[in-house]
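Shown next, in structure tokens, is the structure this report addresses.
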């Protein structure tokens with residue numbers, strides 16, 4: 001074995017990772033409460049672009065914690081993000097994670113309206129008529145429909161995590177959300193993903 | 001709405017995305033069969049680093065397709081990757097996706113041995129005594145244990161997808177796998193993730 005491995009006990013791997021991230025990030029100024037979110041996104045992706053990409057509306061961390069700790073549920077646009085969100089901590093507060101992407105009624109609504117299932121699943125969420133946090137990690141069409149639903153007064157999310165990834169309307173869908181007077185955490189630009197959406201939820205859930 | 005959106009029909013979003021990726025990637029040479037994998041990783045992450053990061057053992061795509069189409073199951077180290085892998089296509093060939101990370105016997109074995117659950121879950125996979133594909137998207141300790149199990153003659157994977165992400169032993173765990181005479185697809189360096197591991201599986205499953 002020519003390759004050298006660092007000896008780190010299982011329980012210390014995460015702390016050691018955050019040490020390395022902090023060191024490599026160097027001096028950096030963070031809006032209040034956002035440091036743990038930025039660093040966890042870098043931890044999840046090994047991509048330091050998130051130190052520049054992440055945009056936070058004013059006071060969003062406080063508002064997000066109030067929602068999550070108050071038992072508000074999370075709606076996401078991918079089964080992967082649903083799998084990745086810490087449901088034990090969220091459930092302790094009384095919240096659940098919903099993903100409607102595989103629901104037959106959503107598939108049918110999307111066919112009828114000629115929209116994506118992600119957009120149709122936002123309408124299903126709005127129809128729930130309850131306070132919700134949105135964690136969008138895949139589909140810009142979900143963000144665009146959320147924008148429209150908010151403009152039409154049909155929903156008032158407690159938080160939007162806007163982290164779709166890709167090449168078609170991804171950048172602009174995030175800009176739309178940042179025009180709104182709504183608490184948001186947005187990964188500006190093309191990057192994001194269900195891992196990033198889940199990781200932002202978890203960074204909030206892990207805060208003391 | 002000052003933000004401009006491109007009009008793309010739901011069914012055409014993926015094709016349009018791959019068009020943009022191909023265009024921005026420019027002239028690029030790919031080992032046989034690997035182009036779809038590289039482009040899907042970029043599609044999943046919006047990160048063109050994957051055009052350089054991905055390493056393929058000789059003839060790996062052919063060997064991988066033979067395994068998956070022959071009904072070989074996939075073992076992964078995260079519930080997120082399990083959620084992301086196309087189980088409909090895999091199931092059509094007769095394969096399943098296993099993730100042992102939440103299993104009580106794995107948690108206990110990890111406690112007793114002072115190793116990570118990811119490492120213990122590789123031992124559980126080896127004990128199955130069947131042909132397997134491994135898709136590692138999180139834990140370098142899983143790759144290191146796989147390396148040891150292979151060296152000890154306890155398992156002979158049909159394919160290793162090595163895409164853990166992070167800062168502690170991630171780079172070196174991938175180098176270890178690339179020393180072996182085993183079919184591999186490895187995301188060299190720190191980057192990777194459960195989304196990348198799942199996406200490489202899906203790129204293989206979607207091939208005609």
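Chains as they are written, first to last, in my numbering: chain R, 1 to 208; chain H, 1 to 208.
Heads up, the beta-carbon is just placed ideally off N, CA and C, and yes, glycines get one too.
These numbers were taken from a predicted model, which means no experiment stands behind them.
Strictly under 9 Å for the Cβ-Cβ distance: is residue i near chain R by that measure?
i: residue 190 of chain H; result: yes
i: residue 86 of chain H; result: no
i: residue 57 of chain H; result: no
i: residue 76 of chain H; result: no
i: residue 26 of chain H; result: no
i: residue 202 of chain H; result: no
i: residue 193 of chain H; result: yes
i: residue 175 of chain H; result: yes
i: residue 60 of chain H; result: no
i: residue 145 of chain H; result: no
i: residue 9 of chain H; result: yes
i: residue 98 of chain H; result: no
i: residue 181 of chain H; result: no
i: residue 5 of chain H; result: yes
i: residue 152 of chain H; result: no
i: residue 72 of chain H; result: no
i: residue 83 of chain H; result: yes
i: residue 172 of chain H; result: yes
Chain H beta carbons: is any one of them nearer than 9 Å to that of residue i?
i: residue 131 of chain R; result: no
i: residue 80 of chain R; result: yes
i: residue 185 of chain R; result: no
i: residue 39 of chain R; result: no
i: residue 115 of chain R; result: yes
i: residue 2 of chain R; result: yes
i: residue 166 of chain R; result: yes
i: residue 89 of chain R; result: no
i: residue 110 of chain R; result: yes
i: residue 105 of chain R; result: no
i: residue 135 of chain R; result: no
i: residue 142 of chain R; result: no
i: residue 64 of chain R; result: no
Please report the residue range of the alpha helix (DSSP H) in which residue i lies.
i: residue 196 of chain R; result: 194-205
i: residue 20 of chain R; result: 13-25
i: residue 232 of chain H; result: A query on residue 232 of chain H cannot be resolved here, the shown segment of chain H reaching from 1 to 208 and no further.
i: residue 37 of chain R; result: 35-45
Exposed or buried, which one is residue i when buried takes at least 16 other CB atoms within 10 Å?
i: residue 111 of chain R; result: exposed
i: residue 44 of chain R; result: buried
i: residue 164 of chain H; result: buried
i: residue 32 of chain H; result: exposed
i: residue 141 of chain H; result: buried
i: residue 95 of chain R; result: buried
i: residue 15 of chain R; result: exposed
i: residue 173 of chain H; result: buried
i: residue 156 of chain R; result: exposed
i: residue 64 of chain H; result: buried
i: residue 47 of chain H; result: buried
i: residue 175 of chain R; result: buried
i: residue 7 of chain H; result: exposed
i: residue 151 of chain R; result: exposed
i: residue 139 of chain R; result: buried
i: residue 113 of chain H; result: exposed
i: residue 9 of chain H; result: exposed
i: residue 128 of chain H; result: exposed
i: residue 11 of chain R; result: exposed
i: residue 137 of chain R; result: buried
i: residue 254 of chain H; result: This structure cannot settle anything about residue 254 of chain H, because the visible part of chain H is limited to 1 through 208.
i: residue 214 of chain H; result: Since the first residue shown for chain H is 1 and the last is 208, residue 214 of chain H is missing from the structure and cannot be characterised.
i: residue 2 of chain R; result: exposed
i: residue 153 of chain H; result: exposed
i: residue 84 of chain H; result: buried
i: residue 17 of chain R; result: buried
Starting from residue i and walking both ways along the beta strand (DSSP E), at which residues does that stretch end?
i: residue 149 of chain R; result: No beta strand (DSSP E) contains residue 149 of chain R, which is instead part of the alpha helix (DSSP H) from 140-151.
i: residue 55 of chain H; result: 54-56
i: residue 234 of chain R; result: Residue coverage of chain R in this structure runs from 1 to 208, which leaves residue 234 of chain R outside it and unanswerable.
i: residue 180 of chain H; result: Element bounds for residue 180 of chain H: n/a, residue is neither H nor E.
i: residue 155 of chain H; result: No beta strand (DSSP E) contains residue 155 of chain H, which DSSP labels as neither H nor E.
Is residue i close to the ligand PLP? I mean its beta-carbon at under 8 Å from any heavy atom of the ligand.
i: residue 162 of chain H; result: Looking for the ligand PLP in the displayed structure turns up nothing, as the structure carries no ligands at all.
Cβ pair count under 8 Å reaching 3, the segment 124-137 of chain H against the segment 73-80 of chain H
Under the Cβ criterion (8 Å, minimum of three pairs), the segment 124-137 of chain H counts as touching the segment 73-80 of chain H.
For the structure I just gave you, are there three or more beta carbon pairs, one from the segment 109-121 of chain R and one from the segment 53-61 of chain R, closer than 8 Å?
At 8 Å Cβ cutoff, the stretches do not touch.
Counting only runs of 4+ residues fully inside the segment 50-136 of chain H, write out the alpha helix (DSSP H) ranges in chain order.
50-53, 60-69, 79-84, 87-93, 104-113 and 117-127
Indicate whether the contact test is met: 3 or more Cβ pairs, each with one atom in the segment 187-201 of chain R and one in the segment 162-176 of chain R, closer than 8 Å.
yes
For the structure I just gave you, are there three or more beta carbon pairs, one from the segment 199-206 of chain R and one from the segment 20-32 of chain H, closer than 8 Å?
no
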